[in-house]
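Using this note's numbering, the letters of the sequence shown map in sequence onto residues 134 to 385. A short write-up of the structure that comes next.
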Amino acid sequence: MYFNTHTHLNSDELYANRDIFIQHAIASNVEYIVVAGYDLSSSKRAVEIACEYPFIYATVGISPNDCKDTTEDDLNEIETLLQNPRVVALGEIGLDYYWDDVSRDKQKDIFQKQIDIAKRHDKPIVIHARDAYEDTYSMLKQAAHRGIMHCYSGSVEMAKRYIQIGFEISLAGPVTFKNAKVPKMVATEIGIDHLMIETDCPYLAPHPFRGKLNEPANVVYIAQEIAKLKNMEIEDVARITTFNAKRMFGIK
Numbered sequence: 134m135y136f137n138t139h140t141h142l143n144s145d146e147l148y149a150n151r152d153i154f155i156q157h158a159i160a161s162n163v164e165y166i167v168v169a170g171y172d173l174s175s176s177k178r179a180v181e182i183a184c185e186y187p188f189i190y191a192t193v194g195i196s197p198n199d200c201k202d203t204t205e206d207d208l209n210e211i212e213t214l215l216q217n218p219r220v221v222a223l224g225e226i227g228l229d230y231y232w233d234d235v236s237r238d239k240q241k242d243i244f245q246k247q248i249d250i251a252k253r254h255d256k257p258i259v260i261h262a263r264d265a266y267e268d269t270y271s272m273l274k275q276a277a278h279r280g281i282m283h284c285y286s287g288s289v290e291m292a293k294r295y296i297q298i299g300f301e302i303s304l305a306g307p308v309t310f311k312n313a314k315v316p317k318m319v320a321t322e323i324g325i326d327h328l329m330i331e332t333d334c335p336y337l338a339p340h341p342f343r344g345k346l347n348e349p350a351n352v353v354y355i356a357q358e359i360a361k362l363k364n365m366e367i368e369d370v371a372r373i374t375t376f377n378a379k380r381m382f383g384i385k
């Protein structure tokens, strides 16, 4: 049984047909799904979906790419949503220097404020980091909290540093890409006790579906690749990554 720790069933690409995609996931032995918010409206939709199914959970938060106009009222709403029993973490939040739509100072301000909210409620945080691993690390080390590096694309060395400060590494479709040397190195060298699996659907569909619409059931392909790289049975990868995710999210 698999735990897909990060999906966007709340996205416009998947939301209307979410029941179909959820049934596909069930048929592929996906036992748990987390729907991740990235702005206020998607966070509300994530909670809505989590309330529809007993095996689906939500995260709420405002991502660095969506925080340009974020207000204190928005953050207050996120904090209220975080207290819903179906919400297991605050995220996705973080820093993204690949795009320049939002100033770095604004990103850091909203990131820090959401870290503070998560700490007040003792909820883990789900981190989006792109071309900003050092600044992200610096802020997280100072925060002294716990969480998940979602759709991790950094180096093995950086992954080890994140693990040392209480973060686990979640791998997505890129680990299956034939030319993706760095994610494969992370999957090989980071201990399975610190790994989780996700699809980040509808984005980043794994091989052999690269370039197509991604869906939660495809998390199986991420597990298969990790099992191959680690010379493990896929059942063991599924079992251990599920245990890791349940422990992080506080799911009994």
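Ideal placement from N, C-alpha and C gives every residue a C-beta, glycine not left out. Every value quoted in this text rests on a predicted model; they were computed, and no experiment measured them.
Helix, strand or coil at residue i [DSSP, three-state]
i: Thr-204; result: coil
i: Phe-300; result: strand
i: His-139; result: strand
i: Ala-169; result: strand
i: Arg-263; result: strand
C-alpha gap between residue i and residue j, whole angstroms
i: Ala-158; j: Asn-351; result: 8 Å
i: Met-318; j: Val-289; result: 7 Å
i: Thr-203; j: Ile-243; result: 8 Å
i: Lys-390; j: Ile-296; result: No statement about residue 390 is possible, as the shown extent of the chain runs from 134 to 385 and does not include it.
i: Ala-305; j: Cys-334; result: 9 Å
i: Lys-385; j: Lys-379; result: 7 Å
i: Pro-257; j: Lys-311; result: 32 Å
i: Glu-210; j: Val-193; result: 10 Å
i: Ala-371; j: His-278; result: 26 Å
Beta-carbon proximity of residue i to residue j, cut-off 8 Å
i: Leu-208; j: Lys-241; result: no
i: Ile-260; j: Glu-225; result: yes
i: Thr-269; j: Ile-330; result: no
i: Leu-328; j: Asn-377; result: yes
i: Tyr-190; j: Ala-356; result: no
i: Tyr-285; j: Asp-264; result: no
Buried versus exposed, by CB contacts within 10 Å (16 or more), residue i
i: Asp-172; result: buried
i: Ser-176; result: buried
i: His-141; result: buried
i: His-283; result: buried
i: Ile-153; result: exposed
C-beta neighbour in chain B for residue i, strict 8 Å
i: Glu-322; result: The structure shown has no chain B; it contains just one protein chain.
If you pair each beta-carbon of the region 158-172 with each one of the region 183-195, do three or more pairs fall below 8 Å? Enough Cβ pairs lie closer than 8 Å, so yes.
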